[in-house]
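These notes concern the structure reproduced below.
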Amino acid sequence: MKKLMFTLIFAMAGIGLFAQNLLDIYKSGTVTLVPDTEYARNVNWNRALESWTDTMVGRWVGDRKSLQIAPDGSVIVSHHFRDFYTVFSPNGAFEKELKVKNQQGQPYRSLPHLHGVLDGEIYYSGLNNMGVMLCFDRSGALKKTLQLDYSARQIIPLPNRKFALLGWVLWSDRVREFVAIIDYETNEEKIIWDKFRPRIGPSQKKSFFYQYTFASRGMISFSTMPFLNIGGRNNPPLIAGVDNKIIITIPDTGEILTYDLDGRFVSSQTIDWAPSYVSVDEQKEIQRKAIERYRNLQNPQFASWVSAAENRAARDQLVREMENDLRAIDKPIPLPVFST
1035 MKKLMFTLIF AMAGIGLFAQ NLLDIYKSGT VTLVPDTEYA RNVNWNRALE
1085 SWTDTMVGRW VGDRKSLQIA PDGSVIVSHH FRDFYTVFSP NGAFEKELKV
1135 KNQQGQPYRS LPHLHGVLDG EIYYSGLNNM GVMLCFDRSG ALKKTLQLDY
1185 SARQIIPLPN RKFALLGWVL WSDRVREFVA IIDYETNEEK IIWDKFRPRI
1235 GPSQKKSFFY QYTFASRGMI SFSTMPFLNI GGRNNPPLIA GVDNKIIITI
1285 PDTGEILTYD LDGRFVSSQT IDWAPSYVSV DEQKEIQRKA IERYRNLQNP
1335 QFASWVSAAE NRAARDQLVR EMENDLRAID KPIPLPVFST
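Residue numbers (my numbering): 1035 to 1374.
Now the structure itself:
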């Protein structure tokens, strides 16, 4: 298998590629995406995505939005903690803000991110904090809810009104990752693959991972080094549906596992390009830059509810731990064979 290099110019321009066989295009080598200068040309982005500044803590804290392309080419944008999805037409024009109504006809106050469209007509969300998946139509009318007992990273549509779901559950000493087939009609599930990763306990030292607990309440935590498997949950598997098959890929090993739509194992292969690493010198450079950034915080404000003195104490402790890790760097970090 050839190693695929993407030249990504403008993500939205990729829609037109679906008219061809994507697998044949990918296998040919380099893929160049060319921008469509007419797409969404006249959209008033301050109106269409007025929630772009959404945050709860006054700074960037992670993924706040996600995007799904429907079978008809329309685009649906999800927003963290908002009560609507933003819908764009196939040519990129702002169409509407879609609200989902519950069985009493009232809009949900907060919507999980949209994960896809089943059978070309059933829009479905990810799981909320109670494990509920919302299934609704293009107008926002609720069709049904499904109840699951775990967290989900991916939920992809399959033929015959089924989903494939990539889930995970925290155990006391392990993290269980698994792939399940979910029946839309019955809510029944069938686990077709699973794997356990070790879970690092709170008292165990994690290189390049730092946290400080404030005296009154709350804490700050962060990591300085990319591609580390902290807590057993980084580099998770990825799933896809291709030619009536379920594909499970393992970034850490380069394995590609194929199952049929009933969950029966079909075949496996391993990507044959050489693994890559973050070298010792690269790690040291990354760590030095992180140390410099935190050391130069003259008046850090990690937490607004503690004193300036405690914020400075947090900075000093974090910098000391980062310097200790810098001195201990002595081996390369393996990179995942591929990512998203």
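Here a beta-carbon is modelled for each residue, glycine too, at the ideal position from N, C-alpha and C. From a predicted model like this one, the values you see are computed outputs, not experimental measurements.
With H, G and I counted as helix, E and B as strand and the rest as coil, what does DSSP make of ASP1359?
helix
When burial is assigned at 16 or more other CB atoms within 10 Å of the CB, is LEU1056 buried or exposed?
exposed
Sequence-distant residues of the same chain with beta carbon closer than 6 Å to ASP1359, five excluded per side:
SER1241, PHE1242
Are the beta-carbon atoms of LEU1083 and VAL1109 separated by less than 8 Å?
no
Can you tell me whether ARG1346 is helix, strand or coil according to DSSP?
helix
Candidates ILE1103, ILE1280, GLY1126, LYS1099: closest to ASP1117 by CA position
LYS1099
Which ranges would you report for the beta strand (DSSP E) in the segment 1273 to 1358 if only whole runs of at least 3 residues count?
1279 to 1284, 1289 to 1294, 1299 to 1304
Start and end of the beta strand (DSSP E) containing LEU1101?
1099 to 1103
Beta-carbon gap between ILE1282 and LEU1291 smaller than 8 Å
yes
What's the C-alpha gap between GLY1297 and ILE1273?
13 Å
Out of SER1301, ASP1183, ILE1367, which has the shortest C-alpha to C-alpha gap to ASP1286?
ILE1367
C-alpha distance - GLU1223 paired with ARG1195, whole-angstrom precision
13 Å
Closest by C-alpha distance to ILE1254, when choosing among ARG1346, PRO1105, ALA1127:
ARG1346
State buried or exposed for ASP1228, treating a residue as buried only when at least 16 other CB atoms are found within 10 Å of its CB.
exposed
For my contact list, PHE1248 and GLU1355 are in at a C-beta cut-off of 8 Å; report their separation, rounded to the angstrom.
Contact doesn't hold; Cβ gap of about 16 Å is too wide.
Proximity to GLU1289 [Cα-Cα], best of SER1302, SER1373, LEU1295
SER1302
DSSP three-state label for SER1123, please.
coil
Are the CB atoms of ILE1216 and LEU1199 nearer to each other than 8 Å?
yes
Compare the C-alpha of ASP1315 against each of ALA1362, VAL1300, LEU1168 and name the closest.
ALA1362
Name the one or two DSSP bridge partners that THR1179 has.
LEU1168
Would you call VAL1300 buried or exposed, if buried means 16 or more other Cβ atoms sit within 10 Å of its Cβ?
exposed
Please report how far the alpha carbon of SER1144 lies from the alpha carbon of LEU1168, in whole angstroms.
12 Å
Identify whether PRO1368 lies in helix, strand or coil by the three-state DSSP scheme.
strand
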